[in-house]
Amino acid sequence: MSIANKRLLKEWKTVQNEAYPGIEFFPTDSMLEWNVDLVIDNPLYPDVYRLGFKMGKGYPLESPSVQFVAGDERPIPMHPHVYSNGHICLDLLGDNWTPVHSVASVSVSIQSMLCQNKVAERPPDDAQYSKNAPRDPKKSLFEYHDDSV
């Protein structure tokens with residue numbers, strides 16, 4: 809069993825035994841892909857939002873690919889760090905990733921980011937970015953320039 813799979817099995821056991829209010833975890837059969845549903849305690853976000861996690865074989869040394877996934881009743885949330893294609897501009901998913909992070913800690917961070925938000929808007933470069941962005945958000949070079957939202 810790979811290091812990534814061992815780690816993800818451990819993470820799965822943790823999320824089954826600990827409470828994460830407003831967060832539900834759904835790993836796939838491969839364990840390298842998880843869906844996470846978020847409920848946000850903020851009137852700007854009345855829906856349930858889904859995150860898609862894809863972990864590579866280098867996980868947890870390498871960060872997962874994480875983005876919001878739209879569905880029938882799951883829109884992409886409006887936030888200054890969330891693009892309309894679901895990509896999330898968050899340094900935790902890039903330069904500030906460390907192996908101490910987990911699917912749960914990233915989910916809690918994103919939930920917290922949405923809970924604290926006060927403006928329902930997209931990033932200023934949303935149209936251009938979403939049109940030209942790579943499919944995998946890890947292949948994007950984000951500039952982390954606004955920590956106030």
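The working numbering puts the first residue of the sequence shown at 809, with every later residue one more than the last. Idealized CB from N, CA, C, for every residue including glycine. Since this is a predicted model, take the numbers as computed values, not measurements.
D899, DSSP secondary structure in three states: helix
Whole-angstrom distance between Q919 and P907, CA atom to CA atom: Roughly 20 Å between the two C-alpha positions.
Terminal residues of the beta strand (DSSP E) in which W842 lies: W842: member of the beta strand (DSSP E) spanning E841 to V847, first to last residue.
Endpoints, the beta strand (DSSP E) within which P918 is located: In the sequence as presented, Pro is not what sits at residue 918; that position holds Ile. Note, I918: premise wrong, no beta strand (DSSP E); alpha helix (DSSP H) at V911 to Q924.
Nonlocal neighbours in the same chain, by C-beta distance under 6 Å from Y853, ignoring five residues either side: P885 and L922
Under the three-state DSSP convention, the category L859 falls into: strand
Residue environment, R858, which counts as buried when at least 16 other CB atoms sit within 10 Å: buried
C-alpha gap between N850 and L898, whole angstroms: Approximately 19 Å, taken between the alpha carbons.
Delimiting residues of the beta strand (DSSP E) encompassing V877: S873 to V877
Classification of G894 by the beta-carbon crowding that lies within 10 angstroms, buried from 16 upward: buried
For P945, the three-state DSSP class (helix, strand or coil): helix
Nearest to S915 (by Cα), restricted to the options P942, P829, Y937 and P883: P829
Nearest to G879 (by Cα), restricted to the options D944, G860 and E929: G860
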